[in-house]
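FYI, numbering that gives the first Met the number 0 numbers position 466 of the sequence shown as 465, with every residue one higher than the one before it.
Positions of the beta carbon are idealized from the N, C-alpha and C atoms, including for glycine.
Note that the structure is predicted; figures quoted are calculated from it, not measured.
A short worksheet on the structure shown next.
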Amino acid sequence: MKKTAFSQFLIFFSFMSSTAFSLERTIDQKVDALLKQMTLEEKVGQLTQYTGDLAATGPITINPNKQSEIRNGLVGSMLNVLGTRYTRQYQELAMQSRLKIPLLFGLDVIHGYKTTFPIPLAEAASWDLDAMELSARISAAEAAASGIHWTFAPMVDIARDPRWGRVMEGAGEDTYLGSKIAFSRVRGFQGEKLGGIDSVMACAKHFAAYGAAIGGRDYNSVDMSERTLWETYLPPFKAAVDAGAATFMNSFNDLNGIPATGNSYLQRDILKGKWGFKGFVVSDWGSIGEMVSHGYAKDGKEAALAAIAAGSDMDMESNAYRNNLAQLVKEKKVPVKLVDDAVKRILRKKFELGLFDDPYRFSDPEREQKALNDPAHALAAREIAAKSIVLLKNENNLLPLSKDIKTIAFIGPMVKPLRDNHGFWAVELKDMDPGYIVSQWQGLQNKVGGATLLYAKGCDFEGDNKDGFAEAVAAAGRADAVILSIGERWNMSGEAKSRSSIHLPGVQEDLVKAIQATGKPLVVLINAGRPLIFNWTADNVPAILYTWWLGSQAGNAIADVLFGDYNPSGKLPMTFPREEGQLPIYYDHFNTGRPAPDETAVNYVSAYIDLKNSPKFPFGYGLSYTTFQYSDLKLSGTEMKRDGNIEVSLNVTNTGKVAGEEVVQLYLRDKAGSVVRPVMQLKDFRKIKLAAGETKPVKFIIDNSKLSFYNKNLEYGSEEGGFVLMIGSSSADIRLKAEFELK
Ligand code: BGC
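Below is the structure:
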C-alpha cells in the first residue's frame, strides 16, 4: 500500500518537474529566438530605463525623444509612469516598434500605492511577518491593477545610524529580523509566483551596504570589513534571493573604494555567482553616470564599461548605456555576450510576467477602479498601523484613555495634516481625493464623537515661533486630558534627508514643557521616520506613543490605541540613542577588552565621560497595557552536537487585566570564538496573543544554523564551546537565561 502511494507520488513528482522544466525551457527558447532577431541597438534599448515626466525621484535629464525612442524599440522600461491610462499609452508606443517588445513599468511602491501602510521601519516595529506580507500583497494588488509591473522595494539595507534619512525605508538595525522581513515582503509583492495578475516584481535594494554611509550622510562612502559585510549587511539580500526576488537594485555608495554599481565582486561574484541569482540588476537612479563623480571612471563611456562588466543589467536614467554601449561592443571593449546576458535576464522577466501574451494585461481601468477602492484594504491598513505603534512609557496606566472623558485637547502640528501621515515615499496619485487619508483629528472624532474636542496647533514642526503656545496652553487648561501630536513633517526623513541633529525639531519640546506645566494628564504622540531624541519628554511626560508615520489610516489606528480598542504590541526595530554622540548605536556590539561594569564607571573602561553607554530606549523595547511573566525555561539538553538540536520551552503568562500580544525574543551569546562575538544576537522570536490571565507555552529550536558565523578565515560555520541563551521582552529586559555547550 505504502509502496503504491510512494510510486504514485514519484510519477506525479516527475510529471510536475518535467512540466516545470519544459515551461522553463520554453521561456528560454523564446528568449533565445527573440534575441537572435535583435540588432545591437535594440539590445541596448532593453537595458535602458527612463523616467516618465509626471514624477521625478531624482535629477532628470531632459530628453524630448523618449517617445520616438520607444517607438523605435530603444527603451526597455519606464519608471514613474502610472495608472492604466498612461501605462497603456506608453505601451502602445512600444507596440509600434519592430519587434513589439513590451515595456516594463517600475515604480517606488514602498509602503502602499493608493492605500498607504505605515512606513517600512514602522511596520518592522510590529514584528508581525504575516502583517508585513499582507501589506506588500495589497500594495502589489493595487499597483498591478494600475499598470505597474515592478516595485523598487523592499529596501533591505541594515541601518544603524538614524541620522541617515532612509532608515524609514528599511527594517531597522537587526540582521535576523531584517532577513525575515525581507523574505516576507518579497513574497508579499510577488505572490505565489511571477505572472499573477495581482502581483508585481520585487526589487531588493540597495546592493550593497548603502545603509552604512559614513556619518549617516546620504550617498556617502562606505568603508566596511568583509566580516561585517557578510555577517550583518548581506544576509537580508540573501533572504530576498531565497524568496525569489525577481530583481535587485545596486547602490549609490562606493564600498571600500569601488562604487557598488561598478562592483563585480558584489554583483557577479556574490549575487549572480555564489547565490545563483537569475533575475536582473537595475542601477540606482543615474548611478552608472555617477561613477564619473566618484572618480572611478573618466567619462560616461568608461562608466558604462565598468557597469556592464560588473553585472549592472539595466541603466536607470543615466543614459550611459544608450550613449556608449553599442560603440563599446563595436570597439570590442565589451563582449557582446555580456550585453546578451543582460538582455536575456530582462526579456525572461517580461515573458514570466505574461507581457508577450498581452502587453496590456495590467492596464485594465475597470480592475483598477475596483482594486483602488476595495474597503478591505483600508481595514488592513488600520490594523497594521495599530500594530506598528510602540508604547514607550505609561506611568500609572494613564493609557488607555477612557471614552467617557468629557473634554479632550488635541494639540500639535501633526493633529490636522493629511499628507504628513503618509511620510516619505508615498505614491502621489493624480486627481485623488485627499479625503481618503484619515487625519489624527478625524480619527479622534470618529472614536469619541460625544466628547468636546479642543484643538490648537501650538507650533510648527520647524522654526522658533512660539506665538501659538498661549492658545495651546489655554486649550489644555480647559481640558480633562491632553494629547499632543508632534514629530517630523513628511519630508524630514527619507532620501536625501539626512540630519545632523535628530532631536525633536523646532520648538516642539518647548511646547511639551509648556503643556506639561498645566498639570493636565498628558499623552505625547511622536510621529517620525526615524528614531528621534526627546530626552525631556521621555523623562517628564507620563505617557508616550511612538507613532512613526502610519499611512492613510493613521488617525483611526492612533485612536484605537489611545482608547484601548487595540492594545499596543510594537517593539523598537532600532535602538534609540540618548544623544547623536553615541551614533552609530546597536545592541549586538562587541564587548571590548574593557567593558564598563556599570553606567557610572569611566576610568579606563570603554565609556564616554559625559554620557552613559546605554541607549534611551533599547532594541526590541515596547510596553503593553498588560504585563507578561516569563517562567519555566527548559532545555531538552545542555549539550549539543552539530547535527543535533536543543529544544527550548518556556511559559508566558498574561498577568494583567486585558488581552495583549507579546514578542518573545530569543538571543544568543557565543562565549568565545576564533573571532570575537557580539554580546548578544537575536536568533528567533514569537509574537503571541494571550487573554487576560492566560498562560501559553512557547517553543524554540536551537540548531547549528543559529550558532554559525564567519570564522577567522571567513568560512561560515559553528565552533565548539559555550553559549548563553537569553529570553526576554527586549534586548535589555532578559527574563530567563541558561547555558549550553556545542560539543
Ligand atoms: C533611489 C531608489 C529609487 C530610485 C527610483 C533613487 O534615487 O535611491 O531607491 O528606487 O531613485 O525612484
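Between Glu141 and the set Ala319, Ala375, Ile180 and Lys329, the nearest pair of CA atoms involves Ala375.
In summary, Gly721 is exposed, with fewer than 16 beta-carbon neighbours lying within 10 Å of its beta-carbon over all protein chains present. Here Thr115 carries a strand assignment [DSSP, helix/strand/coil]. Per DSSP, the continuous beta strand (DSSP E) segment holding Phe739 begins and ends at Asp732 to Leu741. Environment of ligand 1, chain-ordered: Thr56, Gly57, Asp107, Phe151, Asp283 and Trp284, taking every residue with Cβ within less than 5 Å of a heavy atom. Our two residues, Phe151 and Arg498, have alpha carbons roughly 24 Å apart in a direct line. With a cutoff of 9 Å on beta-carbon distance, Gly554 and Val437 are scored as near each other. Within its own chain, the residues whose Cβ lies closer than 6 Å to the Cβ of Thr694, once the five positions on either side in sequence are excluded, are Asn650 and Thr652, listed in chain order. As DSSP reads the structure, Cys202 sits in a beta bridge with Thr246. A contact between stretches requires three or more CB pairs, one per stretch, nearer than 8 Å, and the region 622 to 636 fails this requirement with the region 581 to 596. In this structure Val678 is not in contact with Asn710, their Cβ atoms being roughly 19 Å apart against a cut-off of 8 Å.
Within its own chain, the residues whose Cβ lies closer than 7 Å to the Cβ of Leu428, once the five positions on either side in sequence are excluded, are Lys113, listed in chain order.
By the CB criterion at 9 Å, Leu193 and Leu352 fall inside the cutoff. In this chain, Gly720 is not harboured by any alpha helix (DSSP H); it is covered by the beta strand (DSSP E) spanning Gly720 to Ser729. Nearest to Arg488 by alpha-carbon distance, out of Asn539, Ala542, Ala480 and Pro416, is Pro416. Here Gln45 is near Ile345, since their CB atoms are less than 9 Å apart. Closest in alpha carbon position to Arg734, among Leu681, Asp669, Leu665 and Ser704, is Leu665. Shown here, Pro235 sits in a helix according to DSSP, grouped into three states. Nearest Cα to Met725 within the set Gln680, Gly716, Leu92 and Val697: Gln680. For the 9 Å CB-CB criterion, Ser311 and Val333 do not form a contact. Counting every other CB atom within 10 Å of its CB across the protein chains shown gives Tyr209 a total of 16 or more, marking it as buried.
For Arg668, there is no enclosing alpha helix (DSSP H); the residue is part of the beta strand (DSSP E) that begins and ends at Gly659 to Asp669. Annotation note: the region 413 to 499 contains the following uninterrupted alpha helix (DSSP H) runs of length 4 or greater, listed N- to C-terminal: 439 to 446 and 468 to 477. DSSP, read as helix, strand or coil, puts Ala516 in coil.
In the assembly as shown, Ala55 is an exposed residue. Its beta-carbon has fewer than 16 other beta-carbons within 10 Å. Within 10 angstroms of the beta-carbon of Glu365 lie fewer than 16 other beta-carbons, which makes it exposed. Residue burial annotation: Asp732 is exposed, with fewer than 16 other C-beta atoms found within 10 angstroms of its C-beta. One alpha carbon belongs to Ala480, the other to Gly214, and they sit about 41 Å apart. Val338: member of the alpha helix (DSSP H) spanning Val335 to Glu351, first to last residue. Thr47 and Glu316 have their alpha carbons spaced roughly 8 Å apart. For Leu128 and Ala135, the gap between their C-alpha atoms comes out near 11 Å.
Distance from the Cα of Glu738 is smallest, within the candidate group Met639, Arg216, Asn490 and Leu452, for Met639. A distance below 6 Å between beta-carbons, with the five flanking residues on each side excluded, links Arg321 to the following residues of its chain, in chain order: Thr47.
For the 9 Å CB-CB criterion, Ala181 and Ala238 form a contact. Burial is judged here by how many other beta carbons sit within 10 angstroms of a residue's own beta carbon; Glu191 has fewer than 16 and is exposed. Separation of the CB atoms of Ile407 and Ile482 is rounded to 7 Å, and the pair is thereby assigned contact status at 8 Å.
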